[in-house]
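Residue numbers (the numbering used here), protein chains in the order written: chain A, 1 to 327; chain B, 1001 to 1171; chain C, 2001 to 2405. Take a look at the structure below.
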């Protein structure tokens, strides 16, 4: 507005009059023109790049899902080229997830191979961590050879942490604990890691119900390790071994209990002995009761819970936790 | 009350959107229509979802759970069977969780896709009618220790479905 | 079967009353069907060009001995292995201007702006709308109240999004919102499908007070509630599972579900009420055990009796429940119910149930092979029933998994 033609007072007055209108207009902008169109990779990437800054998790989640669902209809070569060119870890993660989706939806396994190569070989640890995250809850564990063992020795703690999370979540959510090779891969990666906290996290969490005799032997060797958290985790893992290894596990744990000094490890031993025998473990537990008076209440709690006669470990564990909370 | 889940169907995503991080949507393995849910038309208990197709051995039968899962694939029939070849002969893909719940998909025809596989909505065979079937269809069942769960699905008989249609939510 | 336990007749299926609301439901379902098929149809002209196929064409598949138009003529149409069908994918669309929608939409503009997307049939964008609405409601009771106001009159496809958004919002857990949601769910002046949606939204609750439980129970078993009674039963079970997970509280919910299991005249609702405890695994006290024991012998539906056998496997008194199973087995004529009694004896008492199971296998020799299977598994050292179940040579020795017509 050419101010020279009107007085400042008039301008001020006009603004005063207009301001509610302007304000109201700002509050109710015109509706967006929503029009469906066929997705293109470039368009999707632009949307995602801009959407990364959105405060709306709903929108970010939508864009993530959209790219994953669209990935199977986009040209693979275009997707792989874009993935290879991309340097921003957040975008790399989206594109890697799209490639993983192609493989997991039954298309070419080379899509996941490209992600594997980058997870192992990219110079940027943030990119490596992002590609590892993109393989979470996928079939990667059975398609990538020794990748997880190598990732667990990565120089970057972030990469190692993401890899450990994948091993845990893949075993839990993809395989529901029933797949021996996936559990063996987790045990091998955990045992081969020099990061004790991650070794303990994996072994303390992953189901060992289908592990091989070799994996069990590895776990048994870890009972003599110097880190108490790793020992406790190995003990926990040995509590869940297949029937063929239960006797050997039980014997190892009973022998260990008397020599072990750390009370947390001893607690883990009591739990694993309970798991290996259910109500049949009560005599063993009673014998151990005298070894460490500090843990007599723990033995009593297990004895009481096992006495309920429940026949599933998840239920026994639930009742034990409830009992512990009530105490 | 065989029409119960019509209401759920009408409010499908309300009932189905998984709210927990470990919940999964289940989608139709191929385009078709729902031919039975908790009860057959005859009134016989069914306790699962049947999705029928007008054509046999045309569509691939995708695993219905929207997630990458390990599928245990059992082949009991190798030929092209569209209208049933006797109880117990159905081909099956199943995933068993660690708490006694199992999701099963039955009746498809064996193809080169039919092997134990870890995948997300991948094909495990072609739509067919192996086992006890009167036509090509998929039987989707969620059970715990063999007890059928009927609360997971929310489609109704006669409803048309395609591969983006949520049939239910499990876990 | 004890002489004083007169089996309840199965609901006369052919004579089951047609629900008064059925026509409305059909109408609503049809509306959604149109919405759902809309996207499919909209895409149809370009399907050929957009479908990504690998492997052979349908024509090649037909060479395996079948043309898909002649589908259902014979049983085995070809002895050889079928050719794998090509992959066919449906990709969701991208929406121009959705970014601006997301950035500028408010609760006040949500309904108007979302309308074009609702009819698109794009499931992914519907999920987005629901999640975005949940964000817009946030933890604000007034905003949640506004959405509930809309829910009184919104058309079916919009109602679904509105209530899903409310369900996912933080505000749904606020006492005043929960109270209003409960009241509306049970408000007889609202049409049945609206109440169904509200009851589904009520599943988000973490706890029900006794007064709410009483009202929901009465509603669930009342024949006049129709399909909404089924949803109320499911809601009871869902909230029980959540409360059990968080606090261990199951008893009041179990009482409610038992009441519905025993008193609903509708077989499907009774079955649902009997199976909802599966999601919470409650350990049964003496009173609940007796109530389930009564259902085990009096329920007319064999599927209901199987579910009762399942529930009883977590009875506190293992010896007593084994006695119940042992007594019920010879009186039970249905092999699938017998199979439930048999396997759930193992779930109840583990290897200590083997003598009872052996007796059952003497009563019904068809159970000999499966008895030997259990015996073998327990002898191997397996103690966890979950692993026992996975170790069985067959989980379906009597063809009970598939309820054939």
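A virtual CB, placed ideally from N, CA and C, is assigned to each residue, including glycine.
Query                                                                                                                                       : Result
Whether residue 2391 of chain C touches residue 36 of chain A by CB criterion (8 Å)                                                         : no
Proximity below 8 Å, CB of residue 2132 of chain C to CB of residue 59 of chain A                                                           : yes
Residue 2138 of chain C, buried or exposed, once every other Cβ within 10 Å from all chains shown has been counted against 16               : exposed
Segment contact, 8 Å Cβ cut-off, at least three pairs: the region 185-194 of chain A with the region 1073-1089 of chain B                   : no
Residue 2250 of chain C versus residue 2260 of chain C: straight-line alpha-carbon distance, rounded                                        : 15 Å
Rounded Cβ spacing between residue 2202 of chain C and residue 2235 of chain C (contact assumed at less than 8 Å)                           : 5 Å
Closest Cα partner of residue 2301 of chain C within the set C:2317, C:2101, C:2181 and C:2332                                              : C:2332
Beta-carbon contacts of residue 79 of chain A that lie in its chain and below 8 Å, excluding the five residues immediately before and after : 41, 71, 95, 98, 99, 102 and 111
From A:314, A:278 and A:134, residue whose alpha carbon lies closest to that of residue 207 of chain A                                      : A:314
Any beta strand (DSSP E) of 3 or more consecutive residues that is wholly inside the region 1041-1075 of chain B                            : 1049-1052, 1060-1062 and 1069-1074
Where the beta strand (DSSP E) through residue 1123 of chain B begins and ends                                                              : 1123-1126
Contact set between residue 1068 of chain B and chain A, taken where Cβ atoms lie within less than 7 Å                                      : 104, 137, 138, 139 and 174
Sequence-distant residues of its chain with Cβ nearer than 8 Å to residue 1057 of chain B (five each side left out)                         : 1080, 1082, 1109, 1126, 1127, 1128 and 1136
Interface partners of residue 278 of chain A on chain C, CB under 9 Å                                                                       : 2350, 2383 and 2384
Selection of the region 2341-2370 of chain C by Cβ proximity to chain B, strictly under 9 Å                                                 : 2343, 2344 and 2347
Beta-bridge pairing of residue 35 of chain A - partner residues as DSSP gives them                                                          : C:2096
Three-state secondary structure (DSSP) of residue 1139 of chain B                                                                           : strand
N-terminal and C-terminal residue of the beta strand (DSSP E) that residue 1105 of chain B is part of                                       : 1101-1106
The alpha helix (DSSP H) enclosing residue 2336 of chain C, as first and last residue numbers                                               : 2335-2349
Residues within the region 2306-2333 of chain C neighbouring chain B, beta-carbon criterion of under 8 Å                                    : 2306, 2307 and 2310
Within 9 Å of chain A by C-beta, residues of the region 2091-2105 of chain C in sequence order                                              : 2091, 2092, 2093, 2094, 2095, 2096, 2097, 2098, 2099, 2100, 2101, 2102, 2103, 2104 and 2105
Best match in A:75, A:68, A:239 and A:82 for proximity to residue 105 of chain A [C-alpha to C-alpha]                                       : A:68
Identity of the residue in A:306, A:245, A:290 and A:263 nearest residue 2382 of chain C by Cα                                              : A:245
Residue-level contact to chain B via CB, residue 229 of chain A, 8 Å cutoff                                                                 : no
Beta carbon of residue 2304 of chain C nearer than 8 Å to that of residue 2253 of chain C                                                   : no
Three-way DSSP call (helix, strand, coil) for residue 2318 of chain C in this model                                                         : helix
Collapsed DSSP secondary structure at residue 2256 of chain C in the structure displayed                                                    : helix
Chain C within 8 Å of residue 243 of chain A, Cβ atoms only                                                                                 : yes
Test: residue 182 of chain A CB closer than 8 Å to a CB of chain C                                                                          : no
Length of the line joining the Cα atoms of residue 312 of chain A and residue 2246 of chain C                                               : 20 Å
Distance, residue 1147 of chain B Cα to residue 2079 of chain C Cα                                                                          : 34 Å
Residue 1024 of chain B - partner residues in DSSP beta bridges                                                                             : B:1170
Buried or exposed (CB count within 10 angstroms, at least 16 for buried), residue 2275 of chain C                                           : buried
Status (buried if at least 16 other CB within 10 Å, exposed otherwise) for residue 2105 of chain C                                          : buried
Residue 2194 of chain C classed as buried or exposed, judged by whether at least 16 other C-beta atoms fall within 10 angstroms             : buried
Short-range partners of chain B found in the region 2258-2279 of chain C, where Cβ spacing is below 7 Å                                     : 2266, 2268, 2269, 2271, 2272, 2275, 2276 and 2278
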